[in-house]
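Using my numbering, the final residue of the sequence shown is 67, and nothing's skipped along the way.
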Amino acid sequence: MDYLDRPNLTEQELFEYLFLDLDLPVTRRSVKEAVKRREIRPTRLGNGNYFSKRDGLDWVKSRKQSGVYRAPEVNTAK
């Protein structure tokens, strides 16, 4: 098993890896919500959920926006 694929991080440790080690602009809340929405899928070992470093990296990669973002136009005419 590759070093990046080992599910040995808790949710908090995954956040610390992405934020502190990789210096990515993620928040604790964004990681927590991604886990709740199953954007980051855990590996269940015993009574705990564990994540691999690749799980976090794949999630960050999935957040990439395609195309140009434009805010929706506001129609003020009534």
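Backbone N, C-alpha and C define an ideal beta-carbon position, used for all residues, glycine too.
From a predicted model like this one, the values you see are computed outputs, not experimental measurements.
For residue i, the nearest candidate out of the options (CA to CA)
i       : options                       : result
Tyr(-8) : Lys42, Glu62, Gly56 and Lys50 : Lys42
Pro(-4) : Arg27, Phe8 and Thr32         : Thr32
Lys21   : Glu0, Val49 and Tyr58         : Glu0
Ile29   : Asp12, Met(-10) and Ser51     : Ser51
Arg17   : Glu5, Lys25, Arg27 and Leu11  : Glu5
Proximity of residue i and residue j at Cβ, strictly below 8 Å
i     : j     : result
Leu7  : Gly45 : yes
Leu13 : Val57 : no
Residue burial classification, residue i (beta-carbon count within 10 angstroms, cutoff 16)
i       : result
Ala23   : buried
Leu3    : buried
Leu(-2) : buried
Completely contained alpha helix (DSSP H) runs for the stretch -5 to 48, where each covers 4 or more residues: Taken in chain order, the whole alpha helix (DSSP H) runs of length 4 or more contained in the stretch -5 to 48 are 0 to 5 and 17 to 25.
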